[in-house]
Amino acid sequence: MKALKSFSLAAVSTLIAMLPTAAYAQQAPGMNWSWQSTNLSQRQCMIRAEDAMRNAGFSRNFSAVGESTFGVRSAYRGAIRCITSKGLVVFMVSGPSSDTSGDYRQGLEDNF
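Residues -25 to -1, 1 to 87 in mature numbering (1 follows the signal peptide of the UniProt record, and there is no 0) are what the sequence shown spells out, letter by letter.
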């Protein structure tokens, strides 16, 4: 019986300790990213990234800096990074919902 009480107390303690973590996880922004290979030049990649960003609706606070383009669509922030020296393009979106972040990220890729 003593072993059962110890186990129950340990299980309850663990669950209580996890509650704040679950609450914080629900408040965390939804982040979604992917990458694809590219043979484009840096200039070609940046032109396509700028077009993709605007066509996907990330036209607020739009900027292109260095290897990256950035934009805002409602409560979501998007970025496309052209790392052509490594043959990569990276797509990222963050915002309140992981599902919507994923949909918007896919929109960036589809428009690229």
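Beta carbons are placed, not taken as given, at the ideal position from N, Cα and C, and that holds for glycine.
In this chain, the alpha helix (DSSP H) harbouring SER73 covers 73 to 86.
The alpha-carbon separation between ASP85 and THR44 amounts to approximately 16 angstroms. The three-state reading of DSSP puts THR44 in strand, counting E and B together. Take the alpha-carbon of VAL68 and the one of ALA39: they are about 16 angstroms apart.
The beta carbons of ARG29 and ARG48 sit about 10 angstroms from each other, so the pair does not count as a contact at 8 angstroms.
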